[in-house]
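Read in order, the letters of the sequence shown correspond to residues 47 to 236 in the numbering used here.
See below for the structure under consideration.
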Amino acid sequence: MTSQLTDVLEAVQSFVAQGYDREYRVKDGNLLDLESGSILDPLVIRVDAALRLESGKDAEDASNIYAITDVAIGQKGILIDAFDVFDEICHFDLSKRLLAERQTARALDQDVPSKHGLRKVFKADFEGDPERYILREGFPDFPPCPWGGSFSILGFDTAEQSYVWLVTSILRDSRLIRIPYQGQDVITDE
């Protein structure tokens with residue numbers, strides 16, 4: 047099912063065409079159906095396809111796409127791990143299910159300087175000035191996500207004051223500063 051796919055957007059479109067029309071997200075380590083708001087039992091889901099798309103030198107960037115069926119109610123949906131972090135943030139049972147049959151392919155964006163409309167920052171760039179880049183979590187001004195959902199985290203270049211795509215190896219670097227959204231500061235004339 048996934049052997050010919052080499053792009054995240056292409057993979058999402060392929061799965062949607064096959065009836066995977068729900069959007070799943072990982073929240074607090076659990077698999078959440080965004081439409082119903084319900085948590086899916088990892089022991090009841092079936093991972094019909096799992097694709098890891100790697101790019102960059104030594105696979106320094108990767109994204110994962112999962113086509114999942116909730117066997118209990120027969121709903122099918124997609125889980126996108128654009129940043130290759132779910133194996134670290136999912137509960138063990140869910141992570142084990144997601145990784146069990148995952149196939150790996152080389153993405154076509156090997157040396158492309160952008161990803162999903164954002165300038166791509168490679169590990170070598172980060173090494174030159176690690177304090178320049180931060181990871182923003184849950185900010186309302188994120189640019190639109192190309193596959194229809196929304197980003198939950200994005201890199202930010204503090205020198206250029208713009209959002210960037212941080213490759214996976216940077217996201218796993220302990221020096222990366224993570225900034226959760228705290229709400230808008232209120233400015234008054236008083």
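Just so it is clear, CB atoms sit at the ideal spot from N, CA and C, and this is done for glycine as well.
Check                                                                                                                                : Outcome
Sequence-distant residues of the same chain with beta carbon closer than 6 angstroms to Arg71, five excluded per side                : Leu78 and Leu80
DSSP state of Ile199 mapped onto helix, strand, coil                                                                                 : strand
Coil, strand or helix - Ser215 by DSSP                                                                                               : helix
Beta-carbon contacts of Asp130 that lie in its chain and below 7 angstroms, excluding the five residues immediately before and after : Ala108, Ser109, Asn110 and Thr214
Continuous alpha helix (DSSP H) stretch holding Ala96: start and end                                                                 : Counting along the chain, Ala96 falls outside any alpha helix (DSSP H), though it belongs to the beta strand (DSSP E) covering Ile91 to Ser101.
Heavy atom of the ligand HEM within 7 angstroms of Ala151 beta-carbon                                                                : As for the ligand HEM, it is missing from this structure, which has no ligand bound.
Through-space distance from Phe185 to Gly229, alpha-carbon basis                                                                     : 8 angstroms
For Gln228, the three-state DSSP class (helix, strand or coil)                                                                       : coil
As assigned by DSSP and simplified to three states, the class of Asp127                                                              : strand
Status (buried if at least 16 other CB within 10 Å, exposed otherwise) for Val117                                                    : exposed
Residue span of the beta strand (DSSP E) that contains Asp116, given as start and end                                                : Asp107 to Asp116
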